[in-house]
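What follows is a single structure, written as structure tokens, with notes after it.
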């Protein structure tokens with residue numbers, strides 16, 4: 098056996114076996130994925146599935162029944178923008194009613210509106226936008242839920258998450274208590 102290992106073929110055989118072992122070790126350990134990579138792949142799959150479901154829901158919500166449109170005079174165009182490009186009052190009202198739950202937070206009275214500029218994070222411009230969508234009182238702001246906050250953020254084109262960070266709901270509740278004590 099020793100003479101075979103000393104021969105040229107023996108050296109090639111030992112070298113071949115060593116290289117084969119190195120290849121197998123590299124192949125087996127190289128194909129194993131890192132746990133983080135596996136989790137990231139699964140998260141990406143779930144996100145893709147959620148987006149697909151959202152797309153399907155959007156299509157379902159926008160579907161119009163043909164029977165609803167079959168009678169003449171059912172569909173009418175609505176003026177959505179004025180000459181300056183701003184949304185018309187009718188369009189704002191329709192968007193507000195479809196997005197914001199005014200039944201829960203209540204409808205404000207524009208003639209008895211509160212001073213929103215006392216709330217940190219609300220300036221004159223944002224106050225005007227809030228009042229244009231029908232939010233006029235501290236009581237309405239103190240009843241905001243997460244979905245209402247998101248709807249308001251979209252409607253007044255405000256920074257996402259800012260309403261939560263500035264705690265408009267808490268500040269409005271405190272101002273409402275102070276206002277009720279003064280009465």
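Numbering (this note's numbering), first residue to last: 98 to 280. Where a beta carbon is used, it is the ideal one built from N, C-alpha and C, also for glycine.
Check your understanding: Got a sec? Which residues, its chain only, sit under 7 Å from residue 260 by beta carbon, not counting five neighbours each side?
Key -> 246, 249 and 250
Check your understanding: Should residue 210 and residue 228 be called a contact, given that it needs their Cβ atoms to be closer than 8 Å?
Key -> yes
Exercise for review: Could you say which of 149, 151, 200 and 120 lies nearest to residue 242 if we only look at CA atoms?
Suggested key: 200
Check your understanding: Is DSSP giving residue 241 helix, strand or coil here?
Key -> coil
Review point. Where does the unbroken alpha helix (DSSP H) through residue 259 begin, and where does it stop?
Key: 259-263
Review point. Is residue 279 helix, strand or coil when you go by DSSP?
Key: helix
Exercise for review: Express the C-alpha separation of residue 244 and residue 265 in angstroms, rounding to a whole number.
Suggested key: 14 Å
Review point. Just the Cα atoms here: how many angstroms apart are residue 143 and residue 136?
Key: 11 Å
Exercise for review: Can you tell me which of 238, 267, 237 and 222 puts its alpha carbon nearest to the alpha carbon of residue 254?
Suggested key: 222
Practice item. Give a yes or no on whether the C-beta atoms belonging to residue 258 and residue 236 are separated by under 8 Å. Key: no
Check your understanding: Exposed or buried, which one is residue 213 when buried takes at least 16 other CB atoms within 10 Å?
Key -> buried
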